[in-house]
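Before any comments, here is the structure.
In the working numbering, the protein residues as written are 739 to 1192.
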């Protein structure tokens, strides 16, 4: 594999990076704007039958995630071969077509076509991340990745709010409005967005990687990248407990209304945007990418455990700002992964990461909803409504331990279990691994005494 270069492409200006943020914002608004109105539109086609509408909505979600899985690496590889600009612009035009399909859909089949187009066109998120890697130095990528994550959060706040407001007037209005905005976004990019990947840095041939399996093979290029890919998979799998379970969980356990659920999602989005937009950059600059990743995973693990243990609604609301600090992990993780591939493969890397997100997006909702069904069903006698979030905490805890192992400096000797725990203690307490040796030894001695029965 060619050696990565630390030299970014020439500066492309504030307008170009602003456009990239707008692209991601519209993708998230597209996802969020559908959330409050798509189930009602499906139910309208099904004659008001809630059960059938719920089943069809699940199929739509699976179709969307499947398109993400298939087309994320394809668009990523194409952007490596032909440049970022054409892929981003075509995706934006495609997203506007998707909204038109949904706005005029006379049946569920046409609505499904629109959802499939949405899954294809929102795959350009991976190209947007690759654009950032083109124009930033490796050591400076965590901050712009954090800004993109902040836009994710803001989109998640704005989307449901706008969709719900327009949907109260007419179920089709949100789709027409989104189509107009997406078309305007594409036209703006056509006149403003420059290319970030010059011809001499493009891949000569990317077709063998323009498929999900070919893209995922890139993640096995070395031990560190492969390990971080597993950490990423566990991260995204745990994350799926939020969109798939939040409404069901809070309505069942705390008897929240739809208004309560919507407001709580807005709080989640605001907290996530604040963390990603204001804290990630300074945190990574102060503590570095490795410790930022580990710290974020610690916050996420404890936050999901807090969700599971919260017996009252006000308690879970208090946990939201804490678990939002989990957002520190993702930009640091992406930045670390981008260091292990050369510039001509950054698009394939981001496509592979988006494919991992899509795979977990297919598996996660099924996994967590089935766990929840078993946990609250009188048939099994468990009554453990927090089970999905216990599982999410377990998944993040596993990713934390793995991240401690795979992100050690390559020249260091592979850690023993004692050393891994010692390093983790050092990260949690804010000190260096060497500075936590005494605490680690006390921990190891305690384990020895427990084993000997003393």
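Where is the CB? At the ideal position from N, CA and C, for every residue including glycine.
Predicted, not measured: the structure shown is a model, and the values here were computed from it.
Margin query: Across the region 1106-1115 and the region 890-909, are there enough close Cβ pairs to call them in contact, namely three or more that are closer than 8 angstroms?
Written below: no
Checklist line | With 16 other Cβ atoms within 10 Å as the buried cut-off, status of residue 802 | finding: Its Cβ being crowded by 16 or more others within 10 Å, residue 802 is buried.
Note to self: Checking 9 angstroms against the spacing of the C-beta atoms, do residue 921 and residue 831 come in under that value?
What the structure shows: yes
Next item on the list: Indicate the three-state DSSP secondary structure (helix, strand or coil) for residue 788 in the structure shown.
Entry: The predicted position of residue 788 is uncertain, since its pLDDT is 46 and thus under 50; a value taken from the coordinates is nonetheless stated next. It is helical.
Check: Just reading off the alpha helix (DSSP H) that residue 1052 is part of, what are its end residues?
Finding: 1051-1062
Checklist line | Classification of residue 975 by the beta-carbon crowding that lies within 10 angstroms, buried from 16 upward | finding: buried
Notebook entry, point to check: Is the beta carbon of residue 876 sitting closer than 9 angstroms to the one on residue 1076?
Noted result: yes
Check: Using CA coordinates, which residue listed in 1147, 959, 1105, 936 is at the minimum distance from residue 1028?
Finding: 1147
Notebook entry, point to check: DSSP on residue 881, reduced to helix/strand/coil?
Noted result: helix
Check: For residue 780 versus residue 898, is the C-beta distance shorter than 9 angstroms?
Finding: no
Notebook entry, point to check: Any idea what DSSP makes of residue 995, helix, strand or coil?
Noted result: Looking at residue 995 - three-state DSSP - the assignment turns out to be coil, as it is neither helix nor strand.
Margin query: Rounded to whole angstroms, what is the Cα-Cα separation between residue 776 and residue 957?
Written below: In a straight line, the C-alpha of residue 776 is about 35 angstroms away from that of residue 957.
Notebook entry, point to check: The alpha helix (DSSP H) with residue 1139 in it runs from where to where?
Noted result: 1125-1144 is the extent of the alpha helix (DSSP H) around residue 1139.
Check: If you compare alpha carbons, which of 1034, 882, 1005 is closest to residue 1142?
Finding: Closest option to residue 1142, Cα to Cα, is 1034.
Notebook entry, point to check: The alpha helix (DSSP H) with residue 1093 in it runs from where to where?
Noted result: 1084-1114
Next item on the list: Work out the CA separation of residue 784 and residue 1056 for me, nearest whole Å.
Entry: 39 angstroms
Margin query: Do residue 766 and residue 889 count as a contact pair if the criterion is CB distance below 9 angstroms?
Written below: In this structure, residue 766 lies closer than 9 angstroms to residue 889 by Cβ.
Checklist line | Residues near residue 912 by beta carbon distance below 6 angstroms, same chain, minus five either side | finding: Closer than 6 angstroms at the Cβ level, and outside the excluded window around residue 912, lie 771, 775, 901, 904, 905.
Next item on the list: Quick one: residues in its chain with C-beta nearer than 6 angstroms to the C-beta of residue 1120, no 5 flanking neighbours on either side, listed in chain order?
Entry: 1113
Checklist line | Nearest residue (CA-CA) to residue 705, options 960, 979, 866, 896 | finding: An answer regarding residue 705 cannot be provided, because it is not within the stretch 739 to 1192 covered by the chain.
Notebook entry, point to check: With residue 1082 and residue 940 assumed to form a contact (beta carbons below 8 angstroms), what rounded beta-carbon distance in angstroms separates them?
Noted result: 6 angstroms
Next item on the list: Quick one: using the 10 Å Cβ neighbour count with 16 as the cut-off for buried, is residue 1023 buried or exposed?
Entry: exposed
Note to self: Residues in the same chain with beta-carbon distance under 7 angstroms from residue 1127, minus the five sequence neighbours each way, listed in chain order, please.
What the structure shows: 979, 1042, 1045, 1046
Item checked: residue 1010 and residue 1062 closer than 9 angstroms at C-beta -> yes
Margin query: What does the alpha-carbon distance come out to for the pair residue 756 and residue 873?
Written below: 13 angstroms
Notebook entry, point to check: Based on Cα-Cα distance, which residue from 931, 1049, 971 lies nearest to residue 989?
Noted result: 1049
Next item on the list: Return helix, strand or coil for residue 933, following the three-state DSSP convention.
Entry: coil
Notebook entry, point to check: Taking the alpha carbon of residue 987 as the point to measure from, which residue in 1103, 915, 1089 has its own alpha carbon closest?
Noted result: Measuring from the Cα of residue 987, the nearest candidate turns out to be 1103.
Note to self: Tell me the rounded alpha-carbon separation between residue 991 and residue 871.
What the structure shows: In a straight line, the C-alpha of residue 991 is about 43 angstroms away from that of residue 871.
Next item on the list: Kindly give me the distance between the Cβ atoms of residue 982 and residue 1107, rounded to whole angstroms, as I take these residues to be in contact under 8 angstroms.
Entry: 6 angstroms
Note to self: Tell me the rounded alpha-carbon separation between residue 1194 and residue 993.
What the structure shows: With the chain covering 739 to 1192 only, the question about residue 1194 has no answer from this structure.
Check: Near residue 758, what residues of its chain come up, given a Cβ to Cβ distance below 6 angstroms and the 5 sequence neighbours on each side ignored?
Finding: 866, 869
Margin query: If contacts are defined as beta-carbon pairs under 8 angstroms, then residue 879 and residue 1073 qualify, I think. What distance do you get, rounded to the angstrom?
Written below: 4 angstroms
Next item on the list: Please determine, among 1051, 863, 887, 972, the residue with the shortest C-alpha to C-alpha distance to residue 815.
Entry: 863
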